[in-house]
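Each protein sequence line maps, in turn, to chains F and Z. Going from the first sequence to the numbering used here is simple: count from 1 and add 94. Going from the second sequence to the numbering used here is simple: count from 1 and add 27. Note that beta-carbon positions come from the ideal geometry of N, C-alpha and C, so glycine has one too. Given the structure is predicted, the values throughout are model-derived calculations rather than measurements.
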Amino acid sequence: MRWLWLLVLALMAPLALAAIDTYEFDTEEQRQRFYQLSSELRCPKCQNQNIADSDAPIAMDLRREVYRMLNEGKDNEEIVDFLVARYGEFVRYKPALTPATAILWFGPAAMLLAGFIVLLVMLRRRQKALREAAGKSLSQDEQRRLQSLLEREEDS
Amino acid sequence: MRRPWMLIPLILFLGLAGLFLKTLYDKKNLQDLAIDPSALPSALIDKPVPAFALPSLDEPGRTLTEQDFRGEVALVNVWATWCPTCRAEHAMFNKLASQGVTIHGVNYKDNSEAARRWLEELGNPYQLNVEDPQGSLGINLGVYGAPETFLIDADGVIHYKYIGAVDERVWADQLGPRYQALLEQASGGQP
Chain F
95 MRWLWLLVLA LMAPLALAAI DTYEFDTEEQ RQRFYQLSSE LRCPKCQNQN
145 IADSDAPIAM DLRREVYRML NEGKDNEEIV DFLVARYGEF VRYKPALTPA
195 TAILWFGPAA MLLAGFIVLL VMLRRRQKAL REAAGKSLSQ DEQRRLQSLL
245 EREEDS
Chain Z
28 MRRPWMLIPL ILFLGLAGLF LKTLYDKKNL QDLAIDPSAL PSALIDKPVP
78 AFALPSLDEP GRTLTEQDFR GEVALVNVWA TWCPTCRAEH AMFNKLASQG
128 VTIHGVNYKD NSEAARRWLE ELGNPYQLNV EDPQGSLGIN LGVYGAPETF
178 LIDADGVIHY KYIGAVDERV WADQLGPRYQ ALLEQASGGQ P
């Protein structure tokens, strides 16, 4: 039984290595940038993967392009712009901050803020209502009624 | 209503739902996206065909450039022998070529021997055929899988891109009308 599991694991091992190419980098910093860029760029063919994870031929080509541009000394912005010019804004997993995407960037924070403001207003109102109620003392009539109600409670 | 502002979230929700519904069933989106939601709009619309200098598939020794695509309204079809959908659409291109439509080919990441054999076997609808073995022109065109078909005008400016097999319906609904419109434009508005 155990050897069967070992066989299954041995067969699965190559799958984990599927999307790794052998690129050599001059510096550690370049290697880091390569991994950062390829994880932030979306594969146009297999649309829910970045180009680092994808096995599609186009993802391989785009990784090669990213590697080539890194070696040419281009900075991250130039590399991303190169791909956006060809494949559109779609390739960015992190959309650029433009008027059209501002709602994506600030929408959630704005909604959270609006929620807090509404909460604050509601709490304030409730507190005010409570304070007002506390400030009011009972009239003699009300005192008497309260007393009788309490007594009735005790009797039963 | 005691607290009219309590309705604000509901109104916002209905507004957004309406907007999404409208976008989903929008006529233009239906044509371009809803048929295949994974199809991406091209980033190169209204831009010229990117510069390239690549060998010709049919005439060994000849180098083709983006200048060679100029002069006529044309389709530029990105194809390869490893792409089954390309085989499926090939007959349609043969038919269009026989009707006088100018079609250029970009033989994308292919083996040129196999590509020449394929054209002998299935017919050659292409006026010019560019060999792009590394897919470099493909990347500059924003190609992410064959087949893709671009519509360019006489100045080599890209007007439309269709992703997937071109068939009678695609030609009738999407490529044909745009092609005709460009032809009419080119001849100074006279049909």
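Unbroken beta strand (DSSP E) runs of no fewer than 3 residues, entirely contained in the region 80-127 of chain Z, are found at 80-82, 90-92 and 101-106, following chain order. The contact set of Z:A142 on chain F, defined by CB atoms closer than 8 Å, is empty, because the minimum CB distance reaches about 17 Å. Taking C-alpha positions only, F:L131 is separated from F:R186 by approximately 10 Å. Excluding its 5 nearest sequence neighbours in each direction, Z:P204 has no C-beta neighbour in its own chain below 6 Å. In the pairwise beta carbon analysis, the region 37-51 of chain Z is classified as not touching the region 142-152 of chain Z: fewer than three pairs are separated by under 8 Å. Z:D159: member of the beta strand (DSSP E) spanning N156 to D159, first to last residue. Between F:F128 and F:V160 a beta carbon distance of about 6 Å is seen, short of the 8 Å cut, so the two are scored as contacting. DSSP places F:R186 within a strand segment (E or B) once states are collapsed to three.
Chain order gives no chain F residues near Z:N121, where near means a beta carbon separation below 8 Å; the closest approach is about 27 Å.
Look at Z:N134 here: in three-state DSSP terms it is strand.
Among the CB atoms of chain F, none fall inside 9 Å of the CB of Z:A192. In the three-state reduction of the DSSP assignment, Z:R30 falls in the coil class, being assigned neither a helical nor a strand state. The beta carbon of Z:K136 sits closer than 9 Å to some beta carbon of chain F. For the pair F:L217 and F:P202, the Cα-to-Cα distance works out to about 22 Å.
For F:I152, at least one C-beta of chain Z is nearer than 9 Å to its own C-beta. In this structure, Z:E116 sits away from Z:A142, with a CB-CB distance that is not shorter than 9 Å. By the CB criterion at 9 Å, Z:A181 and Z:G98 fall inside the cutoff. In the three-state reduction of the DSSP assignment, Z:K188 falls in the strand class, which pools E and B. Here the region 64-83 of chain Z lies against the region 159-169 of chain Z, with 3 or more beta-carbon pairs under 8 Å apart. Any Cβ of chain Z closer than 9 Å to the Cβ of F:R180 would place that residue at the interface, and such an atom is present.
Here DSSP, grouped into helix, strand and coil, assigns Z:P75 to strand. Between Z:L178 and Z:Y206, the C-beta spacing is below 9 Å.
Nearest CB-CB separation between Z:L168 and chain F: below the 9 Å threshold. Here F:I145 carries a coil assignment [DSSP, helix/strand/coil]. In the DSSP assignment, Z:T129 is bridged to no other residue. In this structure the region 133-149 of chain F does not lie against the region 29-36 of chain Z, because fewer than three pairs of beta carbons, one per stretch, are closer than 8 Å.
Per the C-alpha coordinates, the member of Z:P75, Z:L39 and Z:P36 positioned closest to Z:H186 is Z:P75. For F:L156, the nearest beta carbon of chain Z is closer than 9 Å to its own beta carbon. For F:F200, no Cβ of chain Z is located within less than 9 Å of the residue's own Cβ.
Approximately 6 Å separates the beta-carbon atoms of F:L177 and F:L135; this is inside 8 Å, confirming the contact. Within chain Z, no residue has its beta carbon less than 7 Å from that of F:F119; the closest one is some 22 Å off. Contact check for Z:F96 against Z:G183 passes: the beta carbons are separated by less than 9 Å.
In this structure, F:R180 sits near Z:A70, with a CB-CB distance shorter than 9 Å. Short of 6 Å from the beta carbon of F:D175, and not among the five residues preceding or following it, lies no beta carbon of its own chain. DSSP lists Z:A101 and Z:I185 as the beta-bridge partner residues of Z:I179.
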